[in-house]
Each structure stands twice: as C-alpha cells, then as structure tokens.
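Peer 1:
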Amino acid sequence: RRFQNWTDQFTFNDSLNLTSITVTGNDTYTANFLNEYNITVKNQFSDGGTGGVITVNSVSKNSVFYTTVEQYQSISITAVPNTTSGMDWTFDHWFDGNTTSSRQFTPDSNRVYAAYFTGKPNNVNRNLQFNSIAGQNVTLYWTLNPNQYITSYKIWRKVKHNGVMGAAVNISTVSSTTTSYIDLDYVITSGYTDDLLYYDVRAFYSIDQTYTDPSYLSIFGKQGIIAPIANKGNEGELFTNIIKKNSLDNYPNPFNPSTIIQYQIKEGGFVSIKVYDYLGREVAVLVNKQQPSGRYSVRFDASNLSSGVYLYTINTNNFNKVKKMILLR
C-alpha cells in the first residue's frame, strides 16, 4: 500500500507522511492508504513463448513486463505484431476473449494481462539456394526454421516455358529435418534455352496450420533428360547412347535426408536395388523389376532413419555390387 494523506474528523488534510499536528481538543487523525496492485503484462504465443514486445502506457516494453498500479488508476496496453526467430506473430485475443488490440484496464487486485497470438513461419533465415552445375538435376538447399513446431516443408515449382508462366505445383512434402531436395524432372542449363524454373520451400507450423508466404527463387533448366517412370517421380531413366559398362553410385554422399542412386546396366534383365543398415537389416527396396539396358536413377529418402552408415546393393545379370553411403543429421 502507498500512503495518501492524513485526515481528521473536521478539516485537517495533509499529504505529508511525516507532519506536525497542533492538538486543540479531542480529535481523531487517520493515515489513509491506497492499494498498490502488482501487474504482469505479457504476450502469449501459440507455441508457449512469452517473448517479443508489448506497449504499456504508450511505451514499448519487453514481454514479460512487471509493474505496479495504484488503486483507482488505469493502465493502457496495446498488443502489437511481433517477429521472433523464424516466426511472425499476429494478435488474436486477450485473456478475457476481447479482440481489440488496444485496451485500458483499471485493476482491483493483482492481475496478469495476457495478449494471445497466432503464428506463421517466415523466410527470414531460410537461405534457399541451388546447386549451379549445368547438366545436373536441380537441387534445392535451405536452412531449417528453428521453431520446434515446424513439422514439414512443402516444395513448390512453377515453370515459365516459351514466355508463358505455368501454374504453381506442390511437387513434394518433406520432413521437418530435411534441408535439401533433388528435382528429378529437371536439369540445370547455363541460360534460358528451354525453361525458367521457380522454386519455393514453405515451412508448415502445425499448431496454427500455417505456412510461410510464397517466396520463389528462379533458375534456368530443362525437362527431358530424366523422365519419371515410377514412385511419383522418385525414379527416372536417363536416355543416353548404348551402355557399354555397368556402374552404381549415389550423390550427395554424405546426405540428409535423401540421396539419388544412379546406376547403369549394359544388359537388360531383372534389377533389384536394396538398402541395408550396417547390421545387415533391410531398410528399403528401391527397385524390383525388369529393366532394359540403360542408365537410371532412384531417390532414397531416409527421413525416418537415424544417422549412420548404410549399404546399397544392385543385383542383375552379371552385375552385383555393394556400396556404402552415410546419413548425417
């Protein structure tokens, strides 16, 4: 409590907490006090965070902010848009359900005034990049959004062909730990000889079911070197001249979380490509069918596997080989 003033039953009134009184008769002197209330002002983000800034009595304060308010006095609070690491926060409502961003409160006890926010991931630190070697498949690389409730990323592509922009297409959804994606449908060119490709990687915030705003990055490329033939574009055949030798390889290696296994067979036949962990347990069957002589590629996605050494094998007519690859998280 805070001292307010002295009063008596007649006309005496003094606001000094230490004062002199001349007593001339019977009287009652009263020291009057006002209540002081402890006030907590804070942001409440949907992921449980309470940081950012909030405006109190027209002054920007860091959340959580503590202050005191005297009895009968008011405090004005304004919830403002916030940006924290990887996220944009939009005011939704107050603790009492009111949706007006600026409020004035007159507390009658100790109070907590909380402003609730919904979130949307942003692209501030996404750092989307491409590989740059002509003739290779377009490969995207990005930095993970640091929010723990980002559960996946959607890969979008638009193609400008002969000067005409096509519709945006969601070509893949990858896990929250994925930092690269290889587009088997297109390869890089050194200039605008065929298509101008636009790619976007959008983080998904599971609590509020929101994505980052569209933000595309472009690169020159062309279609037709790799044609999808199975597994929703995960596998492709490279159209080349007559194959003179067998081979098996993968890139990138080490990888996270996916890699492309490329192989060529000089004789057609039944082809089996499998992946094993280092204890010899089978973890994936990538190819298991008849294929003619040619050069092929297949994607191995290890999003659900732990870091470590894996073995991939090919078995076909007169060609059996085992190679090693490393998954790094």
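The numbering used here puts the sequence shown at residues -17 to 311.
Note that CB positions come from ideal geometry on N, CA and C, so glycine has one too.
(1) Count the other CB atoms, across all protein chains shown, that sit within 10 Å of the CB of L166; report buried if there are 16 or more and exposed otherwise.
(2) How big is the Cα-Cα spacing for P63 and D70?
(3) Quick check: what's the CA-CA separation for K140 versus A149?
(4) Below 8 Å between beta carbons: does that hold for L309 and S289?
(5) Do you know offhand how far Q245's Cα is from V291's?
(6) Counting only runs that start and end within the region 161 to 216, where is the beta strand (DSSP E) found for 3 or more residues in a row?
(7) Indicate the three-state DSSP secondary structure (helix, strand or coil) for T159 in the structure shown.
(8) Looking at the strands, I want to know which residues DSSP matches up with K102.
(9) With distances taken from CA atoms, which of I247, T298 and F73 is nearest T37?
(10) Please return the same chain residues whose Cβ sits closer than 8 Å to the Cβ of V304, not counting the five positions on each side in sequence.
(11) Run the CB neighbour count on G68, radius 10 Å, all protein chains shown included, and call it buried at 16 or more, exposed below.
(12) Per the contact definition of three or more C-beta pairs closer than 8 Å, is the region 88 to 105 in contact with the region 190 to 207?
(13) From the DSSP output, in three-state form, read off E249 for me.
(14) Can you tell me the Cα-Cα spacing of Y19 and V151, whole angstroms?
(15) Compare the C-alpha of Y180 against each of P196, T65, S158 and T12 and name the closest.
(16) I believe S313 touches T161 by the beta-carbon criterion, under 8 Å. Please report the beta-carbon distance rounded to the nearest angstrom.
(17) Mind checking whether P239 and A284 have CB atoms under 8 Å apart?
(18) Ignore the nearest five residues each way along the sequence and tell me which others in N113's own chain have a CB closer than 6 Å to its CB.
(19) Look at the Cβ atom of K271, then the Cβ atom of K248, and state whether they are nearer than 8 Å.
(20) Can you list, in chain order, the residues of its chain whose CB lies under 7 Å from that of E264, leaving out five sequence neighbours each side?
(21) If you count every other CB in all the chains shown that lies within 10 Å of the CB of D78, and 16 or more means buried, which is it?
(22) Among the residues of its own chain, which have a CB less than 7 Å from the CB of F27, if the five just before and after it don't count?
Peer 2: With the structure as the only source:
(1) Within the sequence shown, numbered from 1, the residue matching residue 166 stands at position 184. With 16 or more other Cβ atoms within 10 Å, it is buried.
(2) On the sequence shown, position 81 is the one that residue 63 refers to. On the sequence shown, position 88 is the one that residue 70 refers to. Those two C-alpha atoms are separated by around 8 Å.
(3) The sequence position of residue 140 within the sequence shown is 158, counting from 1. The sequence position of residue 149 within the sequence shown is 167, counting from 1. Approximately 6 Å between the Cα atoms of the pair.
(4) Along the sequence shown, read from residue 1 onward, the residue named residue 309 stands at position 327. Along the sequence shown, read from residue 1 onward, the residue named residue 289 stands at position 307. Going by C-beta atoms, L309 is nearer than 8 Å to S289.
(5) The residue you call residue 245 lines up with position 263 of the sequence shown. The residue you call residue 291 lines up with position 309 of the sequence shown. In the sequence on display, residue 245 carries Tyr and not Gln. About 20 Å.
(6) 162 to 170, 177 to 187, 199 to 205 and 208 to 212
(7) Residue numbering aside, residue 159 sits at position 177 when the sequence shown is read from its first letter. In the structure shown, T159 sits in coil (DSSP, three-state: anything other than H, G, I, E or B).
(8) Start at 1 with the first residue of the sequence shown, and residue 102 comes out as number 120. D70, per the DSSP bridge assignment.
(9) The residue labelled residue 37 in the question sits at position 55 within the sequence shown. Measuring from the Cα of T37, the nearest candidate turns out to be F73.
(10) Counting from one through the sequence shown, the residue named residue 304 turns up at place 322. Result list for V304: L293, Y294 and T295, in chain order.
(11) For the purposes of this step, residue 68 is identified with residue 86 of the sequence shown, where counting begins at 1. So G68 counts as buried.
(12) yes
(13) Locating residue 249 in the sequence shown gives position 267, counting from the first residue. If DSSP states are grouped into helix, strand and coil, E249 belongs with coil.
(14) For the purposes of this step, residue 19 is taken as residue 37 along the sequence shown, with counting starting at 1. For the purposes of this step, residue 151 is taken as residue 169 along the sequence shown, with counting starting at 1. Looking at the two C-alpha atoms, the distance is approximately 56 Å.
(15) Taking the first residue of the sequence shown as position 1, residue 180 is located at position 198. Nearest C-alpha to Y180: P196.
(16) Shown here, the chain extends from -17 to 311; a query on residue 313 therefore has no answer.
(17) Taking the first residue of the sequence shown as 1, we reach residue 239 at position 257. Taking the first residue of the sequence shown as 1, we reach residue 284 at position 302. Cβ distance < 8 Å, so P239 and A284 count as in contact.
(18) Indexing the sequence shown from 1 puts residue 113 at position 131. Cβ neighbours of N113 beyond the five flanking positions: T121.
(19) Sequence index remark: in the sequence shown, residue 271 carries index 289 (1-based). Sequence index remark: in the sequence shown, residue 248 carries index 266 (1-based). No, the Cβ-Cβ distance between K271 and K248 is not below 8 Å.
(20) By 1-based counting over the sequence shown, the position of residue 264 is 282. If we look at E264 and ignore the five residues flanking it on each side, its Cβ neighbours are K256 and Y258.
(21) If you number the sequence shown from 1, residue 78 lands on position 96. Flag for D78 reads exposed.
(22) Within the sequence shown, the letter at position 45 stands for residue 27. These residues qualify, in order along the chain: W71, F99 and G101.
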